[in-house]
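This note's numbering applies: residue 6 is where the sequence shown begins, and numbers increase by one. A quick write-up on the structure given underneath.
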Amino acid sequence: MALKINDKAGIRATFNACPALKEVHVLENGDHYFNKEHAKTAAGEKGKVVTYKEDAKELEDEAPATPTA
């Protein structure tokens with residue numbers, strides 16, 4: 006099962022506004038942080054944190070389904 010990422014558009018907008026940011030850290034519940042230590046703290050001792058680079062395919066929006074006739 007793929008990790009759900011909340012607010013992909015907001016993440017991309019933040020990368021565009023702050024070129025110094027190069028990665029985002031996503032928790033199991035889909036919340037994200039740009040500071041890895043903050044993400045680890047929010048995840049807790051047993052929580053999982055996944056890191057994505059700014060150009061990661063996972064941060065792109067899914068293509069809308071093409072309706073069939």
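The beta-carbon is built from N, C-alpha and C at its ideal position, and this holds for glycine as well.
- Around the Cβ of LEU32, a 10 Å sphere holds 16 or more other Cβ atoms; the residue is buried.
- In this structure, DSSP gives LEU26 a state outside helix and strand, which the three-state scheme calls coil.
- Short of 7 angstroms from the beta carbon of LYS9, and not among the five residues preceding or following it, lie these beta carbons of its own chain, in chain order: GLY35.
- With respect to the 8 angstroms criterion, VAL54 and ALA48 are classified as neighbours on the basis of their beta carbons.
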